[in-house]
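Novice: Quick note on numbering: the sequence shown equals residues 8 to 728 in this note's numbering.
All C-beta atoms in this analysis are idealised placements derived from N, C-alpha and C, irrespective of residue type, glycine included.
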Amino acid sequence: MPEAGSRATEVTPPTVPTVRTVPTAPTANVEAGRDVVIAIDQGTSSTKAIALDSAGRVIATASVPLEQSHPAPGWVEQDARQLLASVHQALADIGSALAAAAASASDQSESAEGVRGSDHGAGERDHRAGGQDHGVGGQDHGAGGQDHGVGGQDHGAGEQDHGVGGQDHGAGEQGARAQALGHREVASVSGETRPAGDRVTAGDRVAALALSNQRESALIWSTVTGEPLGPVLGWQDRRTIAAAQQIAAAGFGDRVREITGLPLDPMFSALKFAWLLDEVDPDRSRSRAGEIALGTVDTFLLFALTGEHRIELGNASRTQLLDLATLDWSAELLSIFRIPREALPRIAASNEPSAPVRGVDALPPDTRFHAVLGDSHAALFGHGTREPGAVKVTLGTGSSIMGLLPSSLPVGHGTPAPQAVSVVPPLAPAGLVTTVAWGAPDARLAFEGNILSSGSTVTWLAGLFGIAPADVFALAATTPLTPDAGVDLVPAFAGLGAPWWDESARAVITGFDLGAGRDQLARAAVESIVLQVEDVLSAAEANRGRFDTIVIDGGPAANDELAQLLADLTQRRVERPSVAGLSALGAAHLAGIAAGVFTDDEVLAFDRGSTTFVPHVSAAHAAARRARWLDAVGLARSSGAREPSIREPGTSEPSTSEPNAREPGASALSPDEPATGIPVAPELAPRASVARAPHDPTPGPHADSDPAVSHHPFPMKESTP
């Protein structure tokens, strides 16, 4: 099994002519002095930015906190204007830091020149000229030495917020969320602190911009004014549960999964798009007239910064409107979700250069985005994963477990064809989703398991106890791991994600009695993070061998005790790179490659360092603990039964035990359950179609099999697992 970053033999298909590129010589930018890549990491609770030099070293960081609102139970909103303002501020802060460093280097150079003109000895001149190394190029921290500015991003269930554990406090500190937008973290260069409000341009060193972003969150805005027409509906927002049930009741659930690789769930963008349109354009007339734009966070930011209405391929795959077989919008799904194609953006490759950025004083006028990636996808790229075999676990508010799938070249690719050409994409194992990791421009597919509540469970309990999240971890450490008896907390606050996908599941606490205290509850909350990860890893192994090693990242991953617990309860080797901020780094790496700042081989050779954790408890110990957990999950689930397709550790057969239905001893934490028996709208009447199981490789009919889209805009790359 290839390790992360290994280079297997590849068959590279020709580049599709429809993908726009701006040719750059591999070393042209560096020779011209444009040796800096700035990456923006736009998350739920903060927008972070980093600057990399041509050696892959992080030379500047910035962070701007953000806020969320919860106007109703299950609703999660943000302000699109605030998101955009935070990006402008992060870029300004990075530009200020780079300019200050450049000025410092210039001053030092002039000072050294003066020393050389004096009658001092050579030794003193060397000391004066070489000893001051605070310039951009003089730092020696490497990519792993950067600090708090980027280290906290999480990207957990795909894009989760950066506030949980984001300031090197494990899964804990939520300080960024608590701060007002104006109280941002100052930018820094090589450990040198500058006032965050000092606006100075970055000069001509910037070769490229990169963006990693929270996924699935949905926005709507006017194409005429560029102004938002509603709130940002966050990826955690569950207001569309009833609409999801309505579509499922109409018989479209399996078809949605078949086309997109995703289960019908409120997490994905399509239902959010429909809700936003119902608010401002119920008859869809303005959308069809081109007056309204829809998109994910990357779409909105690029529209505001460049004027382009485009969406990166990996982000498009999270909307639940992309057909994995054609890598284009599905006319059938657009009809089901009532989304006019005219309101949707053009699909772009992950490394397609954008139009020049406008209105950012900190950047040269011709600066472009050379890479856009969903944050979890960017973390996978940042780990150096290029081939199937390696699995990364990103811990945050929620969590994302992702690994590349083997993919094949489509038949007839690159040649005109009289009929639509599509491929049957490899699909993820049951309980997981299939997603496009990136298209650069070759499309690489990945399996993913999205956990809805990880670090947020710790944050919730910390608020309940009136302590800091880091203190929850400290409390948990005082209680030993007890596999056969103890408290379990199943954090189904918004239902359960992978591998259960049960939106009606309810959060429960089991196994407690009058002797249970805060330390037992803290232990249960921390263990729930690890046990949910193992649920996903076990499901991922259903169609392949065991993953003996996993790599981890995200804010909570910095907690040594959590990393060790992950090794213990999963019985796997856990590798944690010393480099912080894998999402921002991954996006920066792809942008630097696209802009000619460095090559992929150079990126893979960058020193990421690593800390290794191996199991300290027996396999039997871990298996007993997980069996108790699965019983608790069974109580939380709406069916009252444990999923039989999930294997117990150390077994080859699925578990068939079914715990009893929810008992009085299980405490329900989620106050509301979604309504049932929702009437089906006439426009959602089932259509005649060939239904097939989600993982049946036999292709079925597609309503949008149009010869006009016969080419594959993003070729599948051939690889071996």
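Can you tell me whether leucine 521 is buried or exposed? The criterion is at least 16 other CB atoms within 10 Å of its CB, across all chains shown.
Specialist: By the neighbour-count rule (16 or more Cβ atoms within 10 Å), leucine 521 is not buried but exposed.
Novice: Kindly indicate which residue of Asp542, Ala281 and Gln96 has the alpha-carbon position closest to the one of leucine 637.
Specialist: Nearest of Asp542, Ala281 and Gln96 to leucine 637, Cα basis: Asp542.
Novice: Expressed to the nearest angstrom, what Euclidean distance is found between the alpha-carbon atoms of glycine 102 and alanine 447?
Specialist: Each residue's Cα considered, the two are about 28 Å apart.
Novice: CB-CB under 7 Å to glutamate 315, same chain, minus the five flanking residues each way: which ones, in chain order?
Specialist: Result list for glutamate 315: Leu309, Ser361 and Ala362, in chain order.
Novice: Quick one: what's got a C-beta closer than 6 Å to aspartate 290's C-beta in the same chain, skipping five residues either side?
Specialist: Result list for aspartate 290: empty, nothing under 6 Å.
Novice: Tell me whether glutamine 243 sits in a helix, a strand or coil according to DSSP, three-state version.
Specialist: In the structure shown, glutamine 243 sits in coil (DSSP, three-state: anything other than H, G, I, E or B).
Novice: Who pairs with alanine 355 in a beta bridge, going by DSSP?
Specialist: Alanine 355 is bridged to Glu319.
Novice: With a threshold of 6 Å on Cβ separation, who are the neighbours of histidine 384 within its own chain once the five nearest residues in sequence on each side are excluded?
Specialist: Within the same chain, histidine 384 has close Cβ partners Gly321, Ala444 and Trp445.
Novice: Under the DSSP definition of a beta bridge, which residues are partnered with valine 71?
Specialist: According to DSSP, valine 71 bridges with Thr54.
Novice: Please report the straight-line C-alpha distance between arginine 246 and alanine 58, rounded to a whole angstrom.
Specialist: Their backbone Cα atoms lie some 38 Å apart in a straight line.
Novice: What residue ranges within the region 599 to 642 form continuous beta strand (DSSP E) runs of no fewer than 3 residues, ordered along the chain?
Specialist: Runs of the beta strand (DSSP E) inside the region 599 to 642: 618 to 620.
Novice: In the DSSP assignment, find the beta strand (DSSP E) that holds threonine 577 and state where it starts and stops.
Specialist: Where threonine 577 is concerned, there is no enclosing beta strand (DSSP E), although the alpha helix (DSSP H) it sits in stretches over 567 to 577.
Novice: List, from N- to C-terminal side, the beta strand (DSSP E) runs of 3 residues or more that fit wholly inside the region 223 to 284.
Specialist: Within the region 223 to 284, the complete beta strand (DSSP E) runs of at least 3 residues are 226 to 229.
Novice: Would you say glutamate 74 faces chain C, with C-beta separation under 8 Å as the test?
Specialist: Any reference to chain C falls outside this structure, which holds one protein chain only.
Novice: According to DSSP, what are the bridge partners of aspartate 42?
Specialist: Bridge partners of aspartate 42: none, in fact.
Novice: Tell me whether aspartate 560 sits in a helix, a strand or coil according to DSSP, three-state version.
Specialist: In the structure shown, aspartate 560 sits in a strand (DSSP, three-state: E or B).
Novice: To the nearest angstrom, how far is it from the Cα of arginine 325 to the Cα of phenylalanine 275?
Specialist: Rounded to the nearest angstrom, the two C-alpha atoms are 6 Å apart.
Novice: Beta-carbon within less than 6 Å of glycine 518's beta-carbon, same chain only, minus the 5 sequence neighbours each way: which residues are those?
Specialist: Cβ neighbours of glycine 518 beyond the five flanking positions: Gly493, Val494 and Asp495.
Novice: Secondary structure at isoleucine 299, three-state DSSP: helix, strand or coil?
Specialist: If DSSP states are grouped into helix, strand and coil, isoleucine 299 belongs with the strands.
Novice: Under three-state DSSP, which class holds serine 461?
Specialist: Serine 461 falls in the coil class under three-state DSSP.
Novice: On the criterion of 16 or more Cβ atoms from any shown chain inside 10 Å, does leucine 528 qualify as buried, or is it exposed?
Specialist: When all chains shown are included, leucine 528 counts as buried.
Novice: Please report the straight-line C-alpha distance between arginine 365 and threonine 313, rounded to a whole angstrom.
Specialist: Going by the C-alpha atoms only, they are around 6 Å apart.
Novice: Helix, strand or coil for aspartate 335, going by three-state DSSP, please let me know.
Specialist: In this structure, aspartate 335 counts as strand in the three-state DSSP scheme.
Novice: For the beta strand (DSSP E) holding serine 585, just list the boundary residues, first then last.
Specialist: Taken as a continuous stretch (DSSP letters only), serine 585 belongs to no beta strand (DSSP E), as it is neither H nor E.
Novice: Run the CB neighbour count on alanine 612, radius 10 Å, all protein chains shown included, and call it buried at 16 or more, exposed below.
Specialist: Classification for alanine 612: exposed.
Novice: Quick check: the region 614 to 631 against the region 571 to 583, are at least 3 beta-carbon pairs closer than 8 Å?
Specialist: Yes, the region 571 to 583 touches the region 614 to 631.
Novice: Is the distance from the Cβ of valine 604 to the Cβ of valine 44 below 8 Å?
Specialist: Cβ atoms of valine 604 and valine 44: closer than 8 Å.
Novice: Since serine 383 is in the alpha helix (DSSP H), which residue starts that stretch and which ends it?
Specialist: 382 to 389 is the extent of the alpha helix (DSSP H) around serine 383.
Novice: Touching or not, the region 546 to 556 and the region 470 to 483, by the rule of three or more beta carbon pairs under 8 Å?
Specialist: As far as the Cβ criterion goes, the region 546 to 556 does not touch the region 470 to 483, which means the pair count is below three.
Novice: According to DSSP, simplified to helix, strand and coil, what is serine 294?
Specialist: Serine 294: helix per DSSP, three-state reduction.
Novice: Using the rule of at least 16 other Cβ atoms within 10 Å of the residue's Cβ for burial, across every protein chain shown, is arginine 632 buried or exposed?
Specialist: Arginine 632 is buried by the Cβ-count criterion.
Novice: Pull up the distance between the alpha-carbon of alanine 481 and that of proline 487, whole angstroms please.
Specialist: Taking the straight line from one Cα to the other gives about 12 Å.
Novice: Mind checking whether glycine 593 and serine 219 have CB atoms under 8 Å apart?
Specialist: Yes, the pair counts as a contact, with Cβ atoms nearer than the cut-off.
Novice: Tell me, please, which residues DSSP counts as bridged to glutamine 49.
Specialist: In DSSP, glutamine 49 forms a bridge with Thr54 and Asn220.
Novice: How far does the beta strand (DSSP E) with valine 443 in it extend, from its first residue to its last?
Specialist: Where valine 443 is concerned, the enclosing beta strand (DSSP E) stretches over 440 to 446.
Novice: Which same chain residues, not among the five before or five after alanine 311, have their C-beta less than 8 Å away from its C-beta?
Specialist: Result list for alanine 311: Leu91 and Gly233, in chain order.
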